[in-house]
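>
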Amino acid sequence: MEIKTENLTRTFRIGPSTIKAVDKVNLEVKETKFIAVVGPSGSGKSTLLNLIGLNDRPTHGKIFIDNTDTSLLSSAERRKIRLLRMGFVFQTFNLLPMLNALENVELPMALAGKNEKEQREKALKLLEAVGLGNRPFHRPKELSMGEMQRVAIARALANDPELIIADEPTGELDSKTAKEIIALLYEINRGKKATVIVATHDEKIVDVADTIYVMEDGKLRLKD
Amino acid sequence: MKLLTLCIRNLFRRKMRTSLCIAGVALAATFVVAVGATTARYVTVIREMNVLFSGQIMVVSKSAVVIQAIPITRGSFQERLAEEIKTEIEGVEKAVPVLFITSINLDQLQLIPPNFTLGMPVEEWRFMLGPTPLKNGVGHFPTNESSSEVVVGPSLADQYGWVVGDNVTVNGYNVTVAGILDTKLAILSRCIVMPLKLAQTIYAYPNSVNMITVKPVQGYPIANLTEAIEKEYSYLKALTEEERNDIIQPVLDQVGLWSFGIQTVVFAISLILVMTVTLMSVSERRRDFATLDAMGAPISYVFRIVLVETALIGAIAGVLGIALGSIASLILASLYTNIPLALFFPSIFEIVPPLYMLEMFTAIVAVCCVGGIIPAINATRMRIAEVLRAEY
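So the protein sequences, as listed, match chains A and B.
Per my numbering, residue 1 is the first one in the first sequence, and the count goes up by one each step.
Per my numbering, residue 1001 is the first one in the second sequence, and the count goes up by one each step.
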């Protein structure tokens, strides 16, 4: 999946003041690249990722996915892209607490209309791939943070997305587990040929990224 | 992952709150079913009073207080007037003297009298009771005017354990049960039917009655007939079936209106309860809904999650409420009539008909679903960007 943004801007009104979380960002991401966006908290990294992931609409500017102007897409079409072509990994994992690991991974496939047998087989395979093949029936509260993030990554991969968007995926993890998660994301990027965009503070992610961008006060620039 | 399984798990994520919500709606449903079924039964019994005398003119004392022309206070006149009316008023095919005694006790909570006595000439059984048979074909209708034989309604027989051939005491007089009526009509099931002479003796109405049923000649204008009777006998009133219905209809309308009003208010309270609880639940799970949205879940899927949850609350509460409401209806029926509660259990589906149960179940589930609409709309509006921004 190729992504291009043109003067991407997102502002928020907080009381009387207007904050520019993303300010005229021009970004081009080629297929299968591993992109890292670094920057201090509040610099606009998550907002940028939400815009690219079609979870938010820009105030100004445009986002093109494979040369399609996403501002022209309906809400349902944007959902379809999110469901079938993108996978999301959040800092706080965002697993559904009432579903076990296997069911959490099956969910995107169920939403995509895959049959139950296919869902089950693939979810088990994905859990195996992220090292949780022995704990498919544990609920999130019975898993460690590292394990929850692995489940979240397996869930993000469920519909074979072309783009993985990970917002601070190692933010809640200890350094050893963080290292394992980074290795997993790198493997997905290289093995499955999926484009990966990661917002992070983690230097270890920066080490594996093809391109590193720095976000400061809503503005994006290539790292020197 | 089945949607239903997910919804059940979501519901019982907060067991106490869900249980209390279900209890609240079930309590409301109990009240609605009890009030609705009792009112409907009351109205049915009142209407049934006319079934026995359909198409006939009822003649009663002008001073008598009547429900559907059945006198519930004293107001007697000479039995011979029946014969006079038949011979002297034009258009009368038949006039039957009847003594109708209700055992209403105004000192007690009795909206419906627990039993009735119907005294009539023995040759008029069929005219008065229609094709009503005797239970199991056992026994007979008394044929002798001076006999002390009676036939009784099935509910009375069940209550007192009477069987054909038993000697029982009515108002201090010994009579023999000659048969048990096989009927579903509430009024007849609580009735002791006896020869007119016997009724006059037992209830001290010597040669008098308190009503005459008049069958008009076919095609004769009924209005002319009632007018002629009232003109000839100024101390009597003659009521057609329509007039009798008109007397009670405003009362029944009021009862129906109150019942509907109470049910509407109770349903509205249930709706607000379900809506409040579901709004809280959705608000607590905003991150889950936002995650579903981020994953690309269709709006209809998120909407269905909330609606199925509220429908489940309605279904569980509906089943509980209908069961409890049916029992409450029986208790109320027992209280209103002083008939033992146990006697009502076999006829539970007559007091709370299955169709009514189904209607109530549908209404309760529908109310809960309506209560889930606003929370469901809220759930579909959860966006991951906003939720995460609000959290940090």
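Using N, Cα and C, we set each Cβ at its ideal position, and we do this for glycine too.
All figures in this text were calculated on a predicted structure; none of them were measured in a lab.
For a minimum of 3 consecutive residues, which ranges assigned as the beta strand (DSSP E) are wholly contained in the stretch 28-58 of chain A?
Fully enclosed beta strand (DSSP E) runs of 3 or longer: 34-38.
> Expressed to the nearest angstrom, what Euclidean distance is found between the alpha-carbon atoms of B/R1017 and B/L1011?
Here the question's residue 1017 of chain B lines up with position 17 in the second sequence. Here the question's residue 1011 of chain B lines up with position 11 in the second sequence. Their Cα atoms are separated by approximately 9 Å.
> Going straight from the alpha carbon of B/F1031 to that of B/R1383, what length do you get?
Position 31 of the second sequence holds residue 1031 of chain B. Position 383 of the second sequence holds residue 1383 of chain B. Taking the straight line joining both Cα atoms gives about 41 Å.
> Skipping 5 residues on each side, what residues in its chain have a beta carbon closer than 7 Å to that of A/M1?
Working through the first sequence from its first residue, we reach residue 1 of chain A at position 1. Answer for A/M1: E31, I65, D66, R85, E162, L163, T195, listed in chain order.
> Looking at the structure shown, is B/A1064 part of a helix, part of a strand, or coil, going by DSSP?
Here residue 1064 of chain B refers to the residue found at position 64 of the second sequence. In this structure, B/A1064 counts as coil in the three-state DSSP scheme.
> Measure the C-alpha to C-alpha separation of B/T1372 and B/A1379 and round it to an integer number of angstroms.
For this step, residue 1372 of chain B is matched to residue 372 along the second sequence. For this step, residue 1379 of chain B is matched to residue 379 along the second sequence. The sequence given here has Gly at residue 1372 of chain B, not Thr. Going from the Cα of B/G1372 to the Cα of B/A1379 covers about 10 Å.
> Find out if the Cβ-Cβ distance for the pair B/L981, B/L1099 is shorter than 9 Å.
In the structure as shown, chain B begins at 1001 and stops at 1392. Residue 981 of chain B is therefore absent and cannot be evaluated.
> Chain B partners of A/L111, CB-CB under 9 Å?
Against the first sequence, residue 111 of chain A aligns to sequence position 111. In chain order: L1292, M1295, G1296, A1297, P1298, Y1301.
> Would DSSP call B/A1238 helix, strand or coil?
For this step, residue 1238 of chain B is matched to residue 238 along the second sequence. Strand, per DSSP.
> Name the DSSP beta bridge partners of B/G1139, please?
Along the second sequence, one-based indexing puts residue 1139 of chain B at 139. DSSP output for B/G1139 lists B/G1179 as bridge partner(s).
> Name, going along the chain, the residues of the stretch 1374-1388 of chain B whose beta-carbon falls closer than 8 Å to a beta-carbon of chain A.
Within the stretch 1374-1388 of chain B, the qualifying residues are R1383, I1384, A1385, L1388.
> Is A/L126 near the ligand MG, in the sense that its beta carbon is under 8 Å from a heavy atom of that ligand?
By its list of ligands, the structure shown contains no ligand whatsoever, and the ligand MG lies outside what it can speak to.
> Let's see if you can read the secondary structure: which residues bound the alpha helix (DSSP H) around B/D1288?
Here residue 1288 of chain B refers to the residue found at position 288 when the second sequence is read from its first residue. Note, B/D1288: alpha helix (DSSP H), 1286-1294.
> Which residue's Cα is closest to the Cα of B/N1245: B/I1046, B/P1071, B/Y1203?
Here residue 1245 of chain B corresponds to residue number 245 of the second sequence, with the count starting at 1. Considering only alpha carbons, the answer is B/I1046.
> Closest to B/M1295 by CA distance: which of A/F34, A/K24, A/N55, A/L49 is it?
Within the second sequence, the letter at position 295 stands for residue 1295 of chain B. That would be A/N55, whose Cα lies nearest to the Cα of B/M1295.
> Under three-state DSSP, which class holds B/G1314?
Residue 1314 of chain B sits at position 314 when you count from the first residue of the second sequence. Here B/G1314 sits in helix by DSSP.
> Give the range of the beta strand (DSSP E) segment to which A/A112 is assigned.
Taking the first residue of the first sequence as position 1, residue 112 of chain A is located at position 112. Careful: A/A112 lies outside any beta strand (DSSP E) and carries neither H nor E.
> What are the residues that DSSP puts in a beta bridge with B/P1195?
Locating residue 1195 of chain B in the second sequence gives position 195, where the first residue counts as 1. Answer is B/M1120, bridged to B/P1195.
> In whole angstroms, give me the CA-to-CA distance for A/V208 and B/A1315.
In the first sequence, the residue the question calls residue 208 of chain A occupies position 208. In the second sequence, the residue the question calls residue 1315 of chain B occupies position 315. Cα-Cα distance, rounded: 54 Å.
> What's the gap between the Cα of B/P1200 and the Cα of B/N1167?
Translated into positions along the second sequence, residue 1200 of chain B becomes position 200. Translated into positions along the second sequence, residue 1167 of chain B becomes position 167. The sequence as given places Gln at residue 1200 of chain B; Pro does not occur at that position. Approximately 19 Å between the Cα atoms of the pair.
> For the structure I just gave you, are there three or more beta carbon pairs, one from the stretch 1294-1310 of chain B and one from the stretch 76-85 of chain A, closer than 8 Å?
Segments in contact, yes.
> Confirm, please, whether the CB-CB distance from A/K192 to A/D167 is below 9 Å.
For the purposes of this step, residue 167 of chain A is taken as residue 167 along the first sequence, with counting starting at 1. For the purposes of this step, residue 192 of chain A is taken as residue 192 along the first sequence, with counting starting at 1. Going by C-beta atoms, A/D167 is not nearer than 9 Å to A/K192.
> Looking at B/L1003 and B/I1305, is the spacing between their C-beta atoms short of 9 Å?
Here the question's residue 1305 of chain B lines up with position 305 in the second sequence. Here the question's residue 1003 of chain B lines up with position 3 in the second sequence. Taking 9 Å as the Cβ cut-off, B/I1305 and B/L1003 qualify as a contacting pair.
> Starting from B/R1017, find everything on chain A with Cβ-Cβ shorter than 7 Å and list it in chain order.
For this step, residue 1017 of chain B is matched to residue 17 along the second sequence. None at all; the shortest Cβ gap to chain A is about 15 Å.
> Do B/F1344 and B/L1394 come within 9 Å of each other at the CB atom, strictly closer than that value?
As shown, chain B starts at 1001 and ends at 1392. That puts residue 1394 of chain B outside it, with no answer to give.
> Using only CA atoms, which one of B/N1050, B/T1264, B/R1014, B/A1028 lies nearest to B/E1242?
Start at 1 with the first residue of the second sequence, and residue 1242 of chain B comes out as number 242. Closest by alpha carbon: B/N1050.
> For a cutoff of 9 Å on Cβ pairs, would you count A/T92 as touching chain B?
Here the question's residue 92 of chain A lines up with position 92 in the first sequence. Closer than 9 Å to some Cβ of chain B, the Cβ of A/T92 qualifies, so yes.
> Who pairs with B/Y1173 in a beta bridge, going by DSSP?
Position 173 of the second sequence holds residue 1173 of chain B. Partner(s): B/V1170.
> By a C-beta neighbour count over all protein chains shown, 10 Å radius and 16 as the cutoff for buried, is B/A1290 buried or exposed?
Your numbering for residue 1290 of chain B matches position 290 in the second sequence. B/A1290 should be labelled buried.
> A/N55 CB to nearest chain B CB: under 9 Å?
Translated into the one-based positions of the first sequence, residue 55 of chain A becomes position 55. Chain B, which has a Cβ nearer than 9 Å to the Cβ of A/N55, makes this yes.
> Measuring straight from C-alpha to C-alpha, what distance separates A/M215 and A/L27?
As a position in the first sequence, residue 215 of chain A is number 215, starting the count at 1. As a position in the first sequence, residue 27 of chain A is number 27, starting the count at 1. Approximately 12 Å between the Cα atoms of the pair.
> Only counting the same chain, and skipping five residues up and downstream in sequence, which positions put a Cβ closer than 7 Å to that of B/I1202?
Along the second sequence, read from residue 1 onward, the residue named residue 1202 of chain B stands at position 202. Cβ neighbours of B/I1202 beyond the five flanking positions: V1170, N1171, Y1173.
> Let's test the definition: count the other Cβ atoms within 10 Å of the Cβ of A/T170 and tell me whether it reaches 16, buried, or not, exposed.
As a first step, residue 170 of chain A must be located in the first sequence, where it is residue number 170. Buried: at least 16 other Cβ atoms inside 10 Å.
> Expressed to the nearest angstrom, what Euclidean distance is found between the alpha-carbon atoms of B/I1101 and B/V1319?
Looking up residue 1101 of chain B in the second sequence gives position 101. Looking up residue 1319 of chain B in the second sequence gives position 319. Roughly 41 Å between the two C-alpha positions.
> Are the CB atoms of A/G133 and A/G124 within a distance shorter than 9 Å?
By 1-based counting over the first sequence, the position of residue 124 of chain A is 124. By 1-based counting over the first sequence, the position of residue 133 of chain A is 133. Per the sequence shown, residue 124 of chain A should be read as Leu rather than Gly. A contact, by the Cβ cut-off of 9 Å.
> According to DSSP, is B/N1280 helix, strand or coil?
On the second sequence, residue 1280 of chain B is found 280 positions in, with the first residue counted as 1. Reading the sequence as shown, one finds Met at residue 1280 of chain B and not Asn. In this structure, B/M1280 counts as helix in the three-state DSSP scheme.
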